[in-house]
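2 protein chains.
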Amino acid sequence: MRAVLLGLGAVGLSLLTLLERTDSPCVPGLNIDIAGVADSSGYLVGKQVIGVHDLVKAKRESSLSFLPGFIEGGRARELIETAEADVVVDCLPTDYSDCSESRECMFTSLKAGRHYVTASKAVMALHMKEALEKAEGNGVLLKFGATVGGGTPFIDFGSRCICPGTVTSLRGVLNGTSNYILTRMAEGLTMQEALSEARQRGIAEADPSNDLSGRDSAAKIVILANWLCGTSLTLHQVRTRGIETLSSGEISEAGRRGKVIKLIASYRSVATVSPEEIDINDRINVSGSLNALSYFTGSGDSFTLSGEGAGGESTARAVLRDLAAVHLEAGPRRTH
Amino acid sequence: MRAVLLGLGAVGLSLLTLLERTDSPCVPGLNIDIAGVADSSGYLVGKQVIGVHDLVKAKRESSLSFLPGFIEGGRARELIETAEADVVVDCLPTDYSDCSESRECMFTSLKAGRHYVTASKAVMALHMKEALEKAEGNGVLLKFGATVGGGTPFIDFGSRCICPGTVTSLRGVLNGTSNYILTRMAEGLTMQEALSEARQRGIAEADPSNDLSGRDSAAKIVILANWLCGTSLTLHQVRTRGIETLSSGEISEAGRRGKVIKLIASYRSVATVSPEEIDINDRINVSGSLNALSYFTGSGDSFTLSGEGAGGESTARAVLRDLAAVHLEAGPRRTH
Numbered sequence: 018m019r020a021v022l023l024g025l026g027a028v029g030l031s032l033l034t035l036l037e038r039t040d041s042p043c044v045p046g047l048n049i050d051i052a053g054v055a056d057s058s059g060y061l062v063g064k065q066v067i068g069v070h071d072l073v074k075a076k077r078e079s080s081l082s083f084l085p086g087f088i089e090g091g092r093a094r095e096l097i098e099t100a101e102a103d104v105v106v107d108c109l110p111t112d113y114s115d116c117s118e119s120r121e122c123m124f125t126s127l128k129a130g131r132h133y134v135t136a137s138k139a140v141m142a143l144h145m146k147e148a149l150e151k152a153e154g155n156g157v158l159l160k161f162g163a164t165v166g167g168g169t170p171f172i173d174f175g176s177r178c179i180c181p182g183t184v185t186s187l188r189g190v191l192n193g194t195s196n197y198i199l200t201r202m203a204e205g206l207t208m209q210e211a212l213s214e215a216r217q218r219g220i221a222e223a224d225p226s227n228d229l230s231g232r233d234s235a236a237k238i239v240i241l242a243n244w245l246c247g248t249s250l251t252l253h254q255v256r257t258r259g260i261e262t263l264s265s266g267e268i269s270e271a272g273r274r275g276k277v278i279k280l281i282a283s284y285r286s287v288a289t290v291s292p293e294e295i296d297i298n299d300r301i302n303v304s305g306s307l308n309a310l311s312y313f314t315g316s317g318d319s320f321t322l323s324g325e326g327a328g329g330e331s332t333a334r335a336v337l338r339d340l341a342a343v344h345l346e347a348g349p350r351r352t353h
Numbered sequence: 018m019r020a021v022l023l024g025l026g027a028v029g030l031s032l033l034t035l036l037e038r039t040d041s042p043c044v045p046g047l048n049i050d051i052a053g054v055a056d057s058s059g060y061l062v063g064k065q066v067i068g069v070h071d072l073v074k075a076k077r078e079s080s081l082s083f084l085p086g087f088i089e090g091g092r093a094r095e096l097i098e099t100a101e102a103d104v105v106v107d108c109l110p111t112d113y114s115d116c117s118e119s120r121e122c123m124f125t126s127l128k129a130g131r132h133y134v135t136a137s138k139a140v141m142a143l144h145m146k147e148a149l150e151k152a153e154g155n156g157v158l159l160k161f162g163a164t165v166g167g168g169t170p171f172i173d174f175g176s177r178c179i180c181p182g183t184v185t186s187l188r189g190v191l192n193g194t195s196n197y198i199l200t201r202m203a204e205g206l207t208m209q210e211a212l213s214e215a216r217q218r219g220i221a222e223a224d225p226s227n228d229l230s231g232r233d234s235a236a237k238i239v240i241l242a243n244w245l246c247g248t249s250l251t252l253h254q255v256r257t258r259g260i261e262t263l264s265s266g267e268i269s270e271a272g273r274r275g276k277v278i279k280l281i282a283s284y285r286s287v288a289t290v291s292p293e294e295i296d297i298n299d300r301i302n303v304s305g306s307l308n309a310l311s312y313f314t315g316s317g318d319s320f321t322l323s324g325e326g327a328g329g330e331s332t333a334r335a336v337l338r339d340l341a342a343v344h345l346e347a348g349p350r351r352t353h
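Here's what the structure looks like:
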């Protein structure tokens, strides 16, 4: 299968590293060749396959621009139109204020009849309905398992292990950074101390505002509810409150009463994100940077899944799972 | 799809009740017709489809034997050979000391080229390798999602949401009855009181020995490890210790140290079942009759799934999910 890769941040680079390993593919017979790659400085497109090893080395040591054929300042959209590829992999940075590049890439790709595997939340949280309709209309696959829960397959579990159309509500802890901060605050740190520590440990990004404001959680509950509960929500419809104003006092006070405060994202008729006090033995009470999600069905079943919610390599494995699904579902006719 | 149903206990009867509801099937286009049904007294086989409503009514109000065509004392094996069916559904009672009937039914069915969906643990825990080989050799499907975790899709999650061949170890609470008893003992009840309560609430069976001895958990870890970790274990190879000899004193003593005692089934090179003291914030620390299982992969990911581990209706929904999978995987050529 020939792929174009957009974005060489933590996830994109981890994906290349996974592809470099001979033992990594999830599905026997799945072979992913890189037909083109774009980062913020430009793109590289190959008539022949581009060597993954060379890409990783160039990016780690200096820049793609030293590789022969690199088009400085070239736009991802052009790459998608030019490269001979079956699938486009979007590992572009998430930007809620302006996701126009991601959006342009996705719609260009779907229109061009290329499958699309994305780890970018913003476009999905803002234009999901349109994107799914376009994919269906053009007979291509759109996969977004890596947008929620990093390496933990919250999307796959909901669509592959629960009867379609039966999930009626969702409730979970969907942001690893804020959960890490709340966990450490419950252990006595101030928010500032907890945030510094999260940054040092590579859990929080340089700008953690999407995590602390609840926007990241809101995007995830939108994607989950739209996919599993049949809604057509966008990010703007989620009543969202973050953890910025929580004090250590409130958190330790809850602890004294045998409770914990968590940033809960939920969908039940309406979607909300808000700090909530929950029981310590609530199944979504996970600590550190873990994520957890409960799925409730109309027949009274409820399942809870938890796992690491972030990390470049885990998210890259989720992308790889989606590529494997494209390989299986699209069948040999559609892929090389 | 034409099905033969073996066993009309809690699971079999719940399955019929689910089929009676017009809205129940998990997959659009999945239609399950009953071609034959067996209970402990004999069997009924229909040239035409047997009405589910009549079956449920007869079983609930008196006995199948009043239905026209019922063969008193007829054996399930004969039914499998006689009925025109695509799939056989095994909801027979689990008997570890003598699973010869279940075994005979399974192998007869596989040999006759009929898919097999089973909720019976004993045959799988004792003869799984042989059964899977026979199914493959005869080109039929063998599904056993309902043998582990009642309605919670532990098997499906492992095989559909994690890359094949990557699960290296498993650790969980897999028996609802013993977990309910341990939970209530931690709240101050004696084992006898907790067991009585579990019986009253329909959680414990009349004879709970397989639950308390750990044998039920052992069967489940065998099935999970064989399927997900590529082992060829049988029940006899699991070092098994139950909860019978635990005292309320030990349990409350653990509680004073912030720990809980759980009956843990695990596979990591070897399979064991034993009461263990775990942290209260361990992700497999679930209460009441819940089950939980952690999956560890070679790449360092770990996922934990939890949900109700028992109950006739939940287990019947797992059977229905497996029937839906047979319908999808076998394709229209193999099914009516």
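Those protein sequence lines, which keep their order, are chains A and B.
The first sequence lines up with residues 18 to 353 when you count with this note's numbering.
The second sequence lines up with residues 18 to 353 when you count with this note's numbering.
All C-beta atoms, glycine included, are put in the ideal place defined by N, C-alpha and C.
Asked                                                                                                                                                               : Found
Going by the beta-carbon positions, is the gap between S126 (chain A) and V105 (chain A) smaller than 8 Å?                                                          : yes
Would A20 (chain B) be called buried (16 or more neighbouring beta carbons within 10 Å of its own) or exposed?                                                      : buried
Can you look up Y284 (chain A) in the DSSP assignment and give me helix, strand or coil?                                                                            : strand
Counting Cβ pairs, one atom from each stretch, are 3 or more of them under 8 Å apart for the region 336-351 of chain A and the region 229-238 of chain A?           : no
DSSP three-state label for F161 (chain A), please.                                                                                                                  : coil
Would you please verify whether the beta carbon of R350 (chain A) is less than 8 Å from any beta carbon of chain B?                                                 : Its pLDDT being 47, under 50, R350 (chain A) is placed unreliably by the model, and nothing is read from it.
Alpha carbon to alpha carbon, how far is V28 (chain B) from S316 (chain A)?                                                                                         : 16 Å
Say whether chain A places a C-beta atom closer than 8 Å to the C-beta of H353 (chain B).                                                                           : Note that H353 (chain B) scores a pLDDT of 39, beneath 50, so its modelled location is shaky; the value from the coordinates is reported in the next line. No, H353 (chain B) lies away from the interface with chain A (no Cβ there is under 8 Å from its Cβ).
Report, in whole angstroms, the separation of the C-beta atoms of H132 (chain B) and V165 (chain B), which I expect to be a contact under 8 Å.                      : Rounded, the Cβ-Cβ distance is 19 Å, inconsistent with contact.
Sorted by chain position, which residues of the same chain lie with C-beta nearer than 7 Å to D339 (chain B)'s C-beta, five sequence neighbours on each side aside? : V134, K160, G162, A163
Does the Cβ-Cβ distance between S269 (chain B) and A203 (chain B) come in under 8 Å?                                                                                : yes
In the region 77-124 of chain B, which residue ranges form an unbroken beta strand (DSSP E) of at least 3 residues, counting only runs that do not cross its ends?  : 104-107
Between B:T289, B:H70, B:R188, B:N196, which lies nearest to L257 (chain B) when the distance is taken from Cα to Cα?                                               : It should be pointed out that residue 257 (chain B) corresponds to Thr in this sequence rather than to Leu. T257 (chain B) has its Cα closest to that of B:T289, out of B:T289, B:H70, B:R188, B:N196.
Let me know if F83 (chain A) comes out buried or exposed under the rule of 16 or more other beta-carbons within 10 Å of its beta-carbon.                            : exposed
Quick one: Cα of A335 (chain B) to Cα of M123 (chain A), how far?                                                                                                   : 37 Å
For P292 (chain B), write down the residues that DSSP places opposite it in a beta bridge.                                                                          : B:L280
What's the C-alpha gap between V255 (chain B) and V239 (chain B)?                                                                                                   : 8 Å
Within 8 Å (strictly less), CB to CB, does L33 (chain B) reach chain A?                                                                                             : no
If you reduce the DSSP assignment to three classes, tell me which class T257 (chain A) lands in.                                                                    : strand
Count the other CB atoms within 10 Å of the CB of R350 (chain B); is the residue buried (16 or more) or exposed (fewer)?                                            : Low per-residue confidence applies at R350 (chain B): pLDDT is 47, beneath 50, and the placement is therefore not dependable enough to give any value.
From the DSSP output, in three-state form, read off R274 (chain A) for me.                                                                                          : coil
Would you say the beta carbon of S213 (chain B) is closer than 7 Å to some non-hydrogen atom of the ligand GTP?                                                     : In the structure on display, the ligand GTP does not appear, and there are no ligands present to speak of.
Chain A beta carbons: is any one of them nearer than 8 Å to that of C180 (chain B)?                                                                                 : yes
Would you list the residues sitting across from R19 (chain A) in a DSSP beta bridge?                                                                                : A:D50
Does the beta-carbon of A354 (chain A) have 16 or more other beta-carbons within 10 angstroms, so that it is buried, or is it exposed?                              : Residue numbering for chain A in the displayed model covers 18 to 353; residue 354 (chain A) lies beyond these limits and cannot be assessed.
Could you run through the region 321-345 of chain B and flag, in chain order, every residue whose CB is less than 9 Å away from some CB of chain A?                 : T321, L322, S323, G324, E325, E330, S331, R334, L337, R338, A341
Just to make sure I have the definition right: I need the residues of chain B whose C-beta is within less than 8 Å of the C-beta of S291 (chain A). Which are they? : Those do not exist, as S291 (chain A) stays about 23 Å from chain B at its closest Cβ, beyond 8 Å.
Among residues of its own chain, excluding the 5 on either side of I198 (chain B), which ones have a beta-carbon nearer than 8 Å to its beta-carbon?                : M208, A211, L212, A215, A221, L229, I260
Who are the neighbours of F174 (chain B) on chain A, taking C-beta pairs under 7 Å?                                                                                 : F174, C178
Do we get a CB-CB distance below 8 Å when we pair G86 (chain A) with the residues of chain B?                                                                       : no
Could you give the DSSP three-state label for T347 (chain A): helix, strand or coil?                                                                                : Reading the sequence as shown, one finds Ala at residue 347 (chain A) and not Thr. Here A347 (chain A) sits in helix by DSSP.
Distance check for T248 (chain B) and G277 (chain A), CA to CA, integer angstroms please.                                                                           : It is worth fixing the name first, because residue 277 (chain A) is Val in this sequence and not Gly. Taking the straight line from one Cα to the other gives about 41 Å.
Rounded to whole angstroms, what's the CA-CA distance from A129 (chain A) to L30 (chain A)? Just pull it up for me.                                                 : 25 Å
Note down, in chain order, every chain B residue with its Cβ under 7 Å from the Cβ of S316 (chain A).                                                               : R334
I need the DSSP call for I238 (chain A), collapsed to helix, strand or coil.                                                                                        : helix
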